[in-house]
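Scroll down for the structure; my scribbles are underneath it.
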Amino acid sequence: MRLRALALALALVIPSSALAETVIVQMTTDPSQGFQPRFVPADVTIQPGDTVRWVNTDQFALEHGTCSGTGSSDPLAGQLWQSPSLPYGQWFEYTFDDPGTFEYFSVPHEFAGMFGVVRVGNSTSAPDIEDSTWGRTKALFESFLPRE
Numbered sequence: 001m002r003l004r005a006l007a008l009a010l011a012l013v014i015p016s017s018a019l020a021e022t023v024i025v026q027m028t029t030d031p032s033q034g035f036q037p038r039f040v041p042a043d044v045t046i047q048p049g050d051t052v053r054w055v056n057t058d059q060f061a062l063e064h065g066t067c068s069g070t071g072s073s074d075p076l077a078g079q080l081w082q083s084p085s086l087p088y089g090q091w092f093e094y095t096f097d098d099p100g101t102f103e104y105f106s107v108p109h110e111f112a113g114m115f116g117v118v119r120v121g122n123s124t125s126a127p128d129i130e131d132s133t134w135g136r137t138k139a140l141f142e143s144f145l146p147r148e
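Structure (structure tokens):
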């Protein structure tokens with residue numbers, strides 16, 4: 001009886017982990033946007049058990065990182081994950097087990113507007129990236145900064 005229960009439990013667990021996906025998010029600089037650092041795509045939707053892999057594909061040799069939270073002043077920043085600073089070609093990944101909406105940012109480039117959102121399951125509760133706290137702050141101060 002115990003062996004049958006164990007076999008049934010394994011049958012339920014193995015297929016779900018075998019179906020898990022890895023989604024790639026590039027950390028790069030967009031020359032068409034004034035060489036602003038960006039996550040591409042910045043907004044991804046996945047299922048519980050899926051993994052997001054952030055890959056530094058920046059041809060301009062900038063180091064990038066990813067940190068959970070809405071910005072460095074967020075008291076919960078980095079509690080779920082925080083990558084080290086990653087040089088070109090390096091990557092960091094995190095597996096999302098629980099449904100929800102998870103905002104993140106780049107520690108060295110948050111003031112350049114490098115933010116993203118991972119939506120796990122059917123969650124749609126997070127604001128658009130431009131509407132995040134730091135996105136609004138950046139938009140406010142951009143009007144005072146000189147244009148290139």
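For the sequence shown, position 70 (counting from the first letter as 1) is numbered 70 according to the working numbering, and the numbering increases by one without interruption.
Virtual Cβ for every residue (Gly too), placed ideally from N, Cα, C.
Quiz item: So, using beta-carbon positions, are residue 28 and residue 44 closer together than 7 angstroms?
Solution: Along the sequence shown, one-based indexing puts residue 28 at 28. Along the sequence shown, one-based indexing puts residue 44 at 44. Taking 7 angstroms as the cut-off, the Cβ atoms of residue 28 and residue 44 do not count as close.
Practice problem: Would you check if the distance between the CB atom of residue 64 and the CB atom of residue 86 is smaller than 7 angstroms? | Solution: Working through the sequence shown from its first residue, we reach residue 64 at position 64. Working through the sequence shown from its first residue, we reach residue 86 at position 86. In this structure, residue 86 lies closer than 7 angstroms to residue 64 by Cβ.
Exercise. Please say whether residue 91 and residue 119 have beta carbons closer to each other than 7 angstroms?
Key: Here the question's residue 119 lines up with position 119 in the sequence shown. Here the question's residue 91 lines up with position 91 in the sequence shown. No, Cβ-Cβ distance for residue 119 and residue 91 is not below 7 angstroms.
Self-check item: Alpha-carbon spacing of residue 93 relative to residue 59, whole angstroms
Solution: As a first step, residue 93 must be located in the sequence shown, where it is residue number 93. As a first step, residue 59 must be located in the sequence shown, where it is residue number 59. Separation of residue 93 and residue 59 (C-alpha to C-alpha, rounded to the nearest whole angstrom) is 20 angstroms.
Practice problem: Scan the stretch 32 to 95 and note each continuous alpha helix (DSSP H) run of 4 residues or more that stays entirely inside, going in chain order. | Solution: As far as the stretch 32 to 95 is concerned, it has no whole alpha helix (DSSP H) run of at least 4 residues.
Self-check item: Residue closest to residue 108, alpha-carbon to alpha-carbon, out of 102, 82, 95 and 121
Solution: Locating residue 108 in the sequence shown gives position 108, counting from the first residue. Across the set 102, 82, 95 and 121, the C-alpha of 82 shows the shortest separation from the C-alpha of residue 108.
Self-check item: Own chain, CB closer than 7 angstroms to residue 97, minus 5 neighbours either side, in chain order
Solution: On the sequence shown, residue 97 is found 97 positions in, with the first residue counted as 1. Beyond the five residues adjoining it in sequence on each side, residue 97 comes within less than 7 angstroms, by CB distance, of 48 and 49 in the same chain, given in chain order.
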